[in-house]
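Peer 1: Below is a structure I'd like to ask you about.
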Amino acid sequence: MTKLCEHLPFVQLAEQYGTPLYVYSQNALTQAYQHYVHAFSGCRPLICYAVKANGNLSIIKHFAQLGSGFDTVSGGEIARVLAAGGDASKIIFSGVGKTVAEMEFALNAGIKCFNVESLPELDRLNEVAARLDKIAPISLRINPDVDAKTHPYISTGLKANKFGIAMADAERAYQHAHSLKNLRIVGIDCHIGSQLTDLSPLVEACERMLNLVDKLATQGIVFEHIDLGGGVGIVYKDENVPDLAQYAAAVEKMLAGRNLSLVLEPGRSLVGNAGTLVTRVEYVKHGEEKNFVVVDAAMNDLMRPALYQAYHHIENAAENGQPEIVADVVGAICETGDFIGKERKIAAQQGDLLLVRSAGAYAASMASNYNARCRAAEVLVNGDTARLVRKRETLDDLLANERDLL
Ligand SMILES: *Cc1c(COP(=O)(O)O)cnc(C)c1O
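Be aware that the sequence shown starts at 37, since it is given in the working numbering, and climbs by one per residue.
Structural data, given as structure tokens:
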């Protein structure tokens with residue numbers, strides 16, 4: 037039985053475009069986006085797709101056409117959104133380390149909001165805006181100090197994390213922002229972490245933020261929007277993921293009677309399950325203690341297993357009742373941490389194609405050239421048509437920035 041992305045067999049796509057290959061389902065992208073829009077329709081939200089999950093221009097363009105805004109964390113990501121035809125007035129600029137050049141770029145582009153993460157950043161932004169004779173729209177990223185109960189590397193809302201302004205300092209920070217002439221306070225935001233499998237920290241964060249909103253209102257500081265950050269977790273294996281409708285109902289109830297619009301910044305949950313990494317088996321190695329399936333994708337293509345011990349489901353693209361073995365699925369990179377999956381029961385013979393599932397988010401966007409490997413091609417499937425949306429990198433691309441300097 038050969039497996040399909042929408043109406044197209046992965047085997048056919050691999051033959052046409054080569055491997056390793058990222059394949060995305062356009063329909064899955066649309067469904068995921070509409071799921072947010074419908075669930076939160078009572079709050080008329082602006083969904084700002086978090087570009088760092090997958091910055092492919094065609095994916096950005098698709099979300100832009102659906103009406104999405106964008107959450108960005110660098111000048112490069114803002115440039116990607118603009119290049120893809122995204123609307124500058126729907127861009128949020130987050131991140132702890134915004135440079136002067138990035139601020140200038142974003143101010144000139146006319147973005148919706150800077151999500152400011154520290155007092156020195158407020159001062160710098162005010163100076164840059166003054167120099168350009170502009171008023172920067174700002175929100176402060178507040179750290180609500182709730183435990184997102186996710187992997188420590190993607191937990192961002194605890195006191196010990198580098199992100200945001202501590203709840204205890206929030207009033208002072210807003211008063212300071214209020215006093216700066218070239219800033220305009222438009223919002224308040226938080227983002228407590230990614231791959232959240234429990235709703236309660238999200239709801240608790242929202243409650244704490246609204247308490248702060250009420251406190252600040254008594255001091256004459258009012259907001260146009262509240263931004264609750266990233267989206268809910270997705271199923272990689274057998275996780276219980278939060279029900280979006282339940283999350284939306286809780287938020288709608290908390291926002292009722294308030295003159296606050298809602299911004300959300302989902303990344304993973306918009307693209308994660310829409311993507312598959314297709315890879316070919318190079319060798320099956322029967323070791324003394326373990327079996328290894330060596331594939332042509334590696335940690336440079338998909339870093340999540342090495343970085344977070346993340347699980348991705350792996351299956352054969354054409355299961356025909358072949359014998360299964362238990363093996364580690366590994367890449368060719370000279371690192372023991374280079375694995376795609378450990379101790380998997382899998383049918384895999386030399387030359388077979390394997391599908392690495394849920395590889396739409398934090399996958400291609402984290403790819404590197406380690407071991408002088410060219411980054412994979414990416415394909416977007418819509419029904420029975422496939423479109424190349426990123427060419428496979430070539431060795432010429434890899435050498436270009438150095439060769440002439442020899
Ligand atoms: C990464 C990030 C997001 C997206 O998080 P997901 O879990 O992928 O939805 C949203 N906002 C900010 C500030 C981020 O850093």
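A virtual CB, placed ideally from N, CA and C, is assigned to each residue, including glycine.
Report the rounded CA-to-CA distance for Lys378 versus Val365, giving the unit in angstroms.
Peer 2: By 1-based counting over the sequence shown, the position of residue 378 is 342. By 1-based counting over the sequence shown, the position of residue 365 is 329. Cα to Cα, the separation comes out at about 6 Å.
Peer 1: In chain order, which beta strand (DSSP E) runs of at least 3 residues are fully inside the stretch 156-232?
Peer 2: Counting whole runs of 3 or more residues, the stretch 156-232 contains the beta strand (DSSP E) stretches 172-179, 219-225.
Peer 1: For Asp440, is the classification buried or exposed, using 16 other Cβ atoms within 10 angstroms of its Cβ as the cut-off for buried?
Peer 2: What you label residue 440 is simply residue 404 of the sequence shown in a count that begins at 1. When all chains shown are included, Asp440 counts as exposed.
Peer 1: In this structure, what does DSSP give as the bridge partners for Asn407?
Peer 2: As a working note, residue 407 is residue 371 in the sequence shown. According to DSSP, Asn407 bridges with nothing at all.
Peer 1: Using only alpha-carbon positions, find the residue among Val164, Lys381, Met139, Gly223 that is nearest to His261.
Peer 2: As a position in the sequence shown, residue 261 is number 225, starting the count at 1. Measuring from the Cα of His261, the nearest candidate turns out to be Gly223.
Peer 1: Please tell me whether Met335 and Ile369 are closer than 7 Å, where the distance is taken between their beta carbons.
Peer 2: Position 299 of the sequence shown, counted from the start, is the residue given in the question as residue 335. Position 333 of the sequence shown, counted from the start, is the residue given in the question as residue 369. The answer is yes: Cβ separation under 7 Å.
Peer 1: For Ala383, tell me which candidate among Asn356, Glu318, Ala422 has the shortest Cα-Cα distance.
Peer 2: Here residue 383 refers to the residue found at position 347 of the sequence shown. Nearest C-alpha to Ala383: Asn356.
Peer 1: In whole angstroms, what is the alpha-carbon distance linking Asp443 and Cys41?
Peer 2: Shown here, the chain extends from 37 to 442; a query on residue 443 therefore has no answer.
Peer 1: With distances taken between CB atoms, is the gap from Cys226 to Pro180 smaller than 7 Å?
Peer 2: The residue given as residue 226 occupies position 190 in the sequence shown. The residue given as residue 180 occupies position 144 in the sequence shown. Yes.
Peer 1: So for Thr254, helix, strand or coil by DSSP?
Peer 2: As a first step, residue 254 must be located in the sequence shown, where it is residue number 218. Thr254 falls in the coil class under three-state DSSP.
Peer 1: Output the residue ranges of the beta strand (DSSP E) runs that lie fully inside the stretch 354-420 and measure 3 residues or longer, sorted by chain position.
Peer 2: 361-366, 375-382, 389-392, 413-418, all fully within the stretch 354-420.
Peer 1: Cβ atoms of Ala86 and Glu301: under 7 Å apart, would you say?
Peer 2: Locating residue 301 in the sequence shown gives position 265, counting from the first residue. Locating residue 86 in the sequence shown gives position 50, counting from the first residue. Yes, they are a contact pair.
Peer 1: With a threshold of 16 other CB atoms inside 10 Å of the CB of Ser503, please say whether the residue is buried or exposed.
Peer 2: The first residue shown for the chain is 37 and the last is 442, placing residue 503 beyond what the model contains.
Peer 1: Assign Val307 to buried or exposed, taking buried as 16 or more other Cβ atoms, counted over all protein chains shown, within 10 Å of its Cβ.
Peer 2: Numbered from 1 along the sequence shown, position 271 holds the residue referred to as residue 307. That one is buried.
Peer 1: Would a C-beta distance cut-off of 7 Å place Val164 and Glu140 closer than the cut-off?
Peer 2: For the purposes of this step, residue 164 is taken as the residue at position 128 of the sequence shown. For the purposes of this step, residue 140 is taken as the residue at position 104 of the sequence shown. In contact: Val164 and Glu140 (Cβ atoms closer than 7 Å).
Peer 1: DSSP state of Pro341, grouped into three classes?
Peer 2: Here the question's residue 341 lines up with position 305 in the sequence shown. Residue state, collapsed to three classes: helix.
Peer 1: Which one of Asp433, Ile178, Ala209 has the shortest CA to CA distance from Asn197?
Peer 2: Taking the first residue of the sequence shown as position 1, residue 197 is located at position 161. Closest option to Asn197, Cα to Cα, is Ile178.
Peer 1: Should Arg80 go down as buried or exposed, given a rule of 16 or more other Cβ atoms within 10 Å for buried?
Peer 2: Stepping through the sequence shown from its first residue, residue 80 is reached at position 44. Exposed.
Peer 1: Do Thr55 and Val47 come within 7 Å of each other at the CB atom, strictly closer than that value?
Peer 2: Looking up residue 47 in the sequence shown gives position 11. Looking up residue 55 in the sequence shown gives position 19. For Val47 and Thr55, no; Cβs fall outside 7 Å.
Peer 1: By DSSP, does Phe150 sit in helix, in strand, or in coil?
Peer 2: Counting from one through the sequence shown, the residue named residue 150 turns up at place 114. Phe150: strand per DSSP, three-state reduction.
Peer 1: Can you find a heavy atom of ligand 1 that lies under 6 Å from the Cβ of His322?
Peer 2: The residue given as residue 322 occupies position 286 in the sequence shown. Not so, every heavy atom of ligand 1 lies at least 6 Å from the Cβ.
Peer 1: Apart from the five residues just before and just after Asn276, which ones in its own chain have a Cβ nearer than 7 Å to its Cβ?
Peer 2: One-based indexing of the sequence shown puts residue 276 at position 240. So the qualifying residues of the chain are Thr233.
Peer 1: Among Tyr347, Thr312, Ile174, Met402, which residue has its Cα nearest to the Cα of Leu57?
Peer 2: The residue labelled residue 57 in the question sits at position 21 within the sequence shown. Nearest option by C-alpha distance: Thr312.
Peer 1: Below 7 Å CB to CB, which residues in the same chain sit around Lys381 once its five sequence neighbours on both sides are set aside?
Peer 2: Within the sequence shown, numbered from 1, the residue matching residue 381 stands at position 345. Closer than 7 Å at Cβ, skipping near neighbours: Glu360, Val362.
Peer 1: Look up Ala119 in the DSSP assignment and say whether it is helix, strand or coil.
Peer 2: In the sequence shown, residue 119 corresponds to position 83, counting from 1. In the structure shown, Ala119 sits in a helix (DSSP, three-state: H, G or I).
Peer 1: How would you write the range of the beta strand (DSSP E) that Leu296 sits in, first residue to last?
Peer 2: Translated into the one-based positions of the sequence shown, residue 296 becomes position 260. Counting along the chain, Leu296 falls outside any beta strand (DSSP E), and DSSP gives it neither H nor E.
Peer 1: Taking buried to mean at least 16 other C-beta atoms within 10 Å of its own C-beta, is Arg409 buried or exposed?
Peer 2: As a working mapping, residue 409 is identified with position 373 in the sequence shown. Burial call: buried.
Peer 1: Could you spell out where the beta strand (DSSP E) holding Asn327 opens and where it closes?
Peer 2: Residue mapping note: residue 327 aligns to position 291 of the sequence shown, counting from 1. Unbroken beta strand (DSSP E) run through Asn327: 327-331.
Peer 1: Within this structure, are the beta carbons of Leu155 and Ala206 separated by less than 7 Å?
Peer 2: Within the sequence shown, the letter at position 119 stands for residue 155. Within the sequence shown, the letter at position 170 stands for residue 206. No; because the gap between Cβ atoms is not below 7 Å, this pair is not in contact.
Peer 1: Can you give me the C-alpha to C-alpha distance between Ile221 and Lys170, rounded to a whole angstrom?
Peer 2: To locate residue 221, count along the sequence shown from 1; it is residue 185. To locate residue 170, count along the sequence shown from 1; it is residue 134. Distance between the alpha carbons of Ile221 and Lys170 is about 14 Å.
Peer 1: Please classify Thr372 as buried or exposed, where buried requires at least 16 neighbouring CB atoms within 10 angstroms.
Peer 2: Taking the sequence shown and counting its residues from 1, one reaches residue 372 at position 336. With fewer than 16 other Cβ atoms within 10 Å, it is exposed.
Peer 1: Pull the bridge partners of Pro45 from the DSSP assignment, please.
Peer 2: Working through the sequence shown from its first residue, we reach residue 45 at position 9. In the DSSP output, where bridge partners are listed per residue, Pro45 has Leu40.
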